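Numbering (the numbering used here), first residue to last: 1444 to 2039.
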């Protein structure tokens, strides 16, 4: 494809939101000349992308479809340097994520306190994106004709029923729709961003970009190319400078006649803005970049969710996905055959159920004064906000050669609204230099206790499942050998049923210290980076206004998760798509295009 030297609109970054903007604008006005510039490769019909169960390959050592950001070494993480992956392929996170169909709470969007961004205003855009094939048929909440399919996938497992029954026995509601923006403190069968007819991943590039490129020669795409900076002349974004070949390092320039849309994600976008001369002057000066616009909020307000993933043994008769992840040839062969009809082990993410939970009064008391203060300030009057996300993952997710042969489940929990904040800033004008990145995990005193509760809560759920067979000690906290809470495998005689516990484990102060240390050693990112170019007033550290226009720069908008001023209580894909839909509408209004 011949790449023009000048177009109407340049979209910097082909991630989830950027793909939505490109596809919507191209469909609304086919005469508009649009260019997407993506750092990663093209994802068109890539088997590792379109086959859902292959998602873990993108996080494997040597993967080129994800980019790893290494944070500062942190005493809060037992001396570890946290690593946060992001998408490095067309479609961004939508091409490599876990495909969890989860949505934010209504209060999350209302808390942004920005005109045009209330939950009421945004729900129609959420409906617009999806083709919903789950139990709920509520047309006020869900969409049924959008480009991205939502389903349960093609390979349900019996462990799902066990897990949900345990949750019900513990007093939690089992609902058909935990993603209506209102429900919380309940469990459901999780939906997935998987097309129910084809079994393929519902990523943003296959939903919005590839179909449109087949129709419209005015939609251009450059992949394997890194944007060095946005060209700003006399306070106006006029184009970009990019590097199409990292071997030669040659720089190319493309001009934008009308608009530049920055959509490189919460970690990529602030770096590009800073290299373009937009940010805190002292940071730019230190990096050798001339300051053009004083915006000290650039790169601040970083947020994520905190994740732990303890695994448990289950009976050898359990139907898990361990054999698939171990690469058993006959399992893969059958899976490939089943996928022809949209079913089988390739058409799933192994995560079929889970919940969003809030602590009981007794649990809240046990979480201590630091979290109690944060609860009163943030959660107490927002009953739609869960504290924890919890999910049953039907496999061991690590290297199976490191654990005894057998069947496993993993109970993932993550803290929905950490109080901690981080930052990312450039250290050089060189686009290939590593940034100064501090995700800030566990730096706020309110975040440790709920993550420890997440370990205990998930453990109580799984140990009540009939298929539960104990734990591998090396995968759990280093409890004392005499602790009643120590990890133990359960040896059940042939034909005998295990004893289901009726009481929670009791943890001593020593046990809690072991759990705290384990959390610090194992807590990780959920890949839900958000907030670094916040949409709020400039005097409050904001970077973009309600129209997503960058303060102090004409013809430049930011459309990705970096604009979120506050966190969302869910996986972030649905919010990224929503921001893309809203950004497309706003860009259309700016360009004088109706019907976007």
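Built from N, CA and C at the ideal position, the CB exists for glycine as well.
Remember, it's a predicted structure, so these values are computed and weren't measured experimentally.
The beta strand (DSSP E) enclosing residue i, as first and last residue numbers
i            : result
residue 1868 : 1866 to 1868
residue 1880 : 1879 to 1881
residue 1512 : 1509 to 1513
residue 1700 : 1693 to 1705
residue 1527 : 1526 to 1530
residue 2000 : 1999 to 2001
residue 1388 : A query on residue 1388 cannot be resolved here, the shown segment of the chain reaching from 1444 to 2039 and no further.
Buried or exposed (CB count within 10 angstroms, at least 16 for buried), residue i
i            : result
residue 1801 : buried
residue 1460 : buried
residue 1931 : exposed
residue 1481 : buried
residue 1987 : buried
residue 1794 : buried
residue 1830 : buried
residue 1515 : exposed
residue 2019 : buried
residue 1749 : buried
residue 2038 : exposed
residue 1869 : buried
residue 1690 : exposed
residue 1805 : exposed
residue 1814 : buried
residue 1943 : exposed
residue 1785 : buried
residue 1655 : buried
residue 1587 : exposed
residue 1525 : buried
residue 1747 : buried
residue 1607 : buried
residue 1824 : exposed
residue 1477 : buried
residue 1836 : buried
First through last residue of the alpha helix (DSSP H) which encompasses residue i
i            : result
residue 1675 : Residue 1675 -> not in any alpha helix (DSSP H); beta strand (DSSP E) instead, spanning 1669 to 1676.
residue 1783 : Counting along the chain, residue 1783 falls outside any alpha helix (DSSP H), and DSSP gives it neither H nor E.
residue 1552 : 1549 to 1553
residue 1952 : 1952 to 1965
residue 1585 : Looking at the DSSP string, residue 1585 is not in any alpha helix (DSSP H), and its letter there is neither H nor E.
residue 1680 : Per DSSP, residue 1680 belongs to no alpha helix (DSSP H); it is in the beta strand (DSSP E), 1679 to 1688.
residue 1766 : 1765 to 1768
residue 1905 : 1891 to 1905
Same chain only: Cβ atoms within 7 Å of residue i, ignoring 5 sequence neighbours per side
i            : result
residue 2009 : 1551, 1554 and 1555
residue 2022 : 1460, 2002, 2003, 2004 and 2006
residue 1610 : 1617, 1630, 1798 and 1904
residue 1886 : 1519 and 1863
residue 1894 : 1749, 1751, 1858, 1962 and 1966
residue 1872 : 1718, 1730, 1731 and 1732
residue 1957 : 1920, 1921 and 1922
residue 1842 : none
Which residues DSSP lists as bridging residue i, in chain order
i            : result
residue 1932 : 1913
residue 1746 : 1973
residue 1856 : 1751 and 1833
residue 1796 : 1632 and 1835
residue 1722 : 1737
residue 1757 : 1850 and 1911
residue 1592 : 1574
residue 2036 : In DSSP, residue 2036 forms no bridge with anything.
residue 1544 : 1634
Sequence-distant residues of its chain with Cβ nearer than 8 Å to residue i (five each side left out)
i            : result
residue 1692 : 1686
residue 1838 : 1763, 1764, 1765, 1767, 1768, 1793, 1851, 1852 and 1853
residue 1708 : 1456, 1458, 1529, 1530, 1535, 1536, 1972, 2003, 2004 and 2005
residue 1549 : 1562, 1624, 1625 and 1827
residue 1989 : 1557, 1558, 1559, 1560 and 1978
residue 1929 : 1916, 1922 and 1923
Same chain, Cβ closer than 6 Å to residue i, five either side skipped, listed in chain order
i            : result
residue 1755 : 1852, 1905 and 1914
residue 1889 : 1813, 1814, 1817 and 1862
residue 1935 : 1941
residue 1892 : 1810, 1811 and 1814
Proximity test, residue i beta-carbon vs the ligand GDP heavy atom, cut-off 8 Å
i            : result
residue 1489 : What this structure holds is no ligand at all, so the ligand GDP is not there to describe.
Check your understanding: Is the segment 1650 to 1662 touching the segment 1452 to 1467 in the sense that three or more CB pairs, one from each, lie closer than 8 Å?
Key -> Yes, the segment 1452 to 1467 touches the segment 1650 to 1662.
Check your understanding: On the three-pair Cβ rule with 8 Å, is the segment 1706 to 1725 touching the segment 1866 to 1884?
Key -> Contact holds: three or more Cβ-Cβ distances are below 8 Å.
Exercise for review: Evaluate the contact criterion for the segment 1728 to 1745 versus the segment 1759 to 1773: three or more CB pairs, one atom per stretch, below 8 Å.
Suggested key: No, because fewer than three Cβ pairs between the segment 1728 to 1745 and the segment 1759 to 1773 fall closer than 8 Å, the two stretches do not touch.
Check your understanding: Do the segment 1573 to 1587 and the segment 1617 to 1631 make contact, defined as three or more Cβ pairs closer than 8 Å?
Key -> Touching, yes, given that three or more Cβ pairs across the two stretches are closer than 8 Å.
Check your understanding: Between the segment 1841 to 1857 and the segment 1893 to 1901, do three or more beta carbon pairs fall short of 8 Å?
Key -> Three or more Cβ pairs drawn from the segment 1841 to 1857 and the segment 1893 to 1901 lie within less than 8 Å of each other, which places the two stretches in contact.
Review point. Are the segment 1653 to 1667 and the segment 1964 to 1983 touching by the rule of at least three beta carbon pairs closer than 8 Å?
Key: No, they do not touch.
Practice item. Give a yes or no on contact between the segment 1993 to 2000 and the segment 1526 to 1541, applying the rule of three or more CB pairs nearer than 8 Å. Key: Taking 8 Å as the limit for Cβ pairs, the verdict is that the segment 1526 to 1541 does not touch the segment 1993 to 2000.
Check your understanding: Does the segment 1490 to 1507 come within contact of the segment 1629 to 1645, defined as at least 3 CB pairs closer than 8 Å?
Key -> Between the segment 1490 to 1507 and the segment 1629 to 1645, the count of C-beta pairs closer than 8 Å reaches three or more; the two stretches touch.
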